[in-house]
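Structure first, commentary second.
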Amino acid sequence: MDFKKIPGSWYFLLIVILSYLFLFIFHPEIYHSCLEFFAKIISEILPIFVLIFVLMVITNLLFDSKFISKHIQKEKGIGKWIFVVMGGILSTGPIYMWYPLLANLKEKGLSQGLIATFLYNRAIKLPFLPLMIFYFGVKYVLVLGLVMIFLSVIQGKIINKFMEVKK
Amino acid sequence: MNKSKIVSALIKSGRALFNSVPLIFGTVLLISLFIKLVPPSFYLKIFTNNVLFDSFIGSLVGSVSAGTPLTSYLIGGELLKGGVGLIAVTAFIVAWVTVGIVQLPAESMVLGKKFALIRNLLSFIFAIIVAILTVLILGAI
Numbered sequence: 200m201d202f203k204k205i206p207g208s209w210y211f212l213l214i215v216i217l218s219y220l221f222l223f224i225f226h227p228e229i230y231h232s233c234l235e236f237f238a239k240i241i242s243e244i245l246p247i248f249v250l251i252f253v254l255m256v257i258t259n260l261l262f263d264s265k266f267i268s269k270h271i272q273k274e275k276g277i278g279k280w281i282f283v284v285m286g287g288i289l290s291t292g293p294i295y296m297w298y299p300l301l302a303n304l305k306e307k308g309l310s311q312g313l314i315a316t317f318l319y320n321r322a323i324k325l326p327f328l329p330l331m332i333f334y335f336g337v338k339y340v341l342v343l344g345l346v347m348i349f350l351s352v353i354q355g356k357i358i359n360k361f362m363e364v365k366k
Numbered sequence: 015m016n017k018s019k020i021v022s023a024l025i026k027s028g029r030a031l032f033n034s035v036p037l038i039f040g041t042v043l044l045i046s047l048f049i050k051l052v053p054p055s056f057y058l059k060i061f062t063n064n065v066l067f068d069s070f071i072g073s074l075v076g077s078v079s080a081g082t083p084l085t086s087y088l089i090g091g092e093l094l095k096g097g098v099g100l101i102a103v104t105a106f107i108v109a110w111v112t113v114g115i116v117q118l119p120a121e122s123m124v125l126g127k128k129f130a131l132i133r134n135l136l137s138f139i140f141a142i143i144v145a146i147l148t149v150l151i152l153g154a155i
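Sequence order for the protein chains is A and B. Note that the numbering used here numbers the first sequence so that position 3 is 202, with each residue one more than the last. Note that the numbering used here numbers the second sequence so that position 141 is 155, with each residue one more than the last.
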């Protein structure tokens with residue numbers, strides 16, 4: 200078995216489980232109390248993960264990198280900013296998957312500010328919103344989302360200014 | 015709709031969620047341990063209810079943390095339940111997802127060192143601003 204192929208996150212879980220084993224041996228009362236609390240949280244959030252999975256499938260089905268890159272290049276003016284915001288929100292997968300595409304778009308003339316705005320909006324993950332709503336409520340999630348979108352554009356504009364100085 | 019596209023989306027989503035399982039379970043186990051071992055009075059001492067200081071600390075901790083946003087919601091949500099202020103928790107979850115210290119070398123290589131540094135520094139400051147603005151707006155509506 201090639202241990203190098205096992206993702207680090209499984210080692211993380213293993214270390215935590217070993218800590219629990221240690222607790223079970225030396226402090227069984229704390230172990231039971233922690234496990235009870237763990238079961239309570241998991242039973243609360245598990246149904247939300249079904250919804251998260253459905254939303255992830257829908258997002259993966261409807262929006263891929265080709266679709267987003269095609270439209271980012273096509274849009275102009277304010278439309279470009281709006282599409283970059285939407286593209287960031289709808290983009291899926293780990294960030295490093297997007298770096299080559301963004302580098303390519305930069306070569307094709309996409310400003311660094313627009314790239315920064317795209318990256319900032321990747322923080323808003325539609326499929327994960329059910330868990331956020333569960334903890335913080337709909338009103339909070341809506342306000343936070345709108346504030347982040349607004350500031351992402353400001354960040355993009357500031358970055359454009361900074362990068363212009365170099366030229 | 016293309017059947018193979020649906021299957022591919024199901025596999026991609028299933029794989030992404032499955033890869034999060036050890037992190038989510040590990041984090042919830044750690045949170046449970048933390049909450050049972052550390053009394054709320056300890057972390058309530060760190061957060062002083064000073065808007066700027068709390069958001070700064072929240073943003074700092076969020077910036078050096080890495081992982082799926084789901085983990086940050088879990089930690090943030092449980093901290094909030096434990097009595098930590100909304101501003102600190104908001105700065106923490108925003109910095110978690112917008113500042114990428116771990117990805118900084120890769121981002122610098124592909125998009126440029128200056129760009130990566132300015133973007134991450136701005137994201138750190140913006141996490142504080144987002145937290146303050148969000149809580150102010152929530153208080154006003």
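The beta-carbon is built from N, C-alpha and C at its ideal position, and this holds for glycine as well.
- For B/S79, the three-state secondary structure derived from DSSP is coil.
- Between B/T104 and B/F140 a beta carbon distance of about 12 Å is seen, past the 8 Å cut, so the two are scored as non-contacting.
- Taking 8 Å as the CB threshold, A/K269 stays off the interface with chain B.
- Going by beta carbons, A/M347 and B/F129 fall outside the 8 Å limit.
- Residue-level contact check: A/K338 touches chain B, since one or more beta carbons of chain B fall below 8 Å from its beta carbon.
- Between B/S77 and B/I115, the beta carbon gap of about 6 Å places them in contact (Cβ cut-off 8 Å).
- Taking a C-beta cut-off of 9 Å against chain A, the contacting residues of the region 97 to 123 of chain B are L100, V103, T104, I107, V108, W110, V111, T112, G114, Q117, A120, E121, M123, listed in chain order.
- Using a Cβ-Cβ distance cut-off of 8 Å, the region 90 to 107 of chain B and the region 279 to 288 of chain A are not in contact, since fewer than three pairs of beta carbons, one from each stretch, lie closer than that value.
- With fewer than 16 other CB atoms across the displayed protein chains lying within 10 angstroms of its CB, A/I277 is exposed.
- When the beta-carbon positions are compared, A/I216 and A/L330 stay at least 8 Å from each other.
- Around the beta carbon of A/P299, fewer than 16 other beta carbons sit within 10 angstroms, so the residue counts as exposed.
- Interface criterion met: the Cβ of B/I151 is under 8 Å from a Cβ in chain A.
- Of the residues B/T82, B/S122, B/L135, B/V65, the one whose Cα lies closest to the Cα of B/T148 is B/V65.
- If you compare the alpha carbons of B/G96, B/I142, B/N63, B/N33 with that of A/K204, the shortest gap goes to B/N33.
- Close CB contacts of B/W110 within its chain, under the 6 Å cut and outside five residues either way in sequence, are with G76, S79, S86 (chain order).
- Between the region 299 to 316 of chain A and the region 352 to 360 of chain A there are three or more inter-stretch CB-CB distances shorter than 8 Å, so the stretches are counted as touching.
- When rounded, the separation of the alpha-carbon atoms in A/K338 and B/A120 is 36 Å.
- In its chain, beyond the 5 residues on either side, V103 have a beta carbon closer than 6 Å to the beta carbon of B/L93.
- Around the beta carbon of B/R29, fewer than 16 other beta carbons lie within 10 angstroms, which makes this residue exposed.
- Pairing B/I60 with B/G96 gives a Cβ-Cβ distance that is not under 8 Å.
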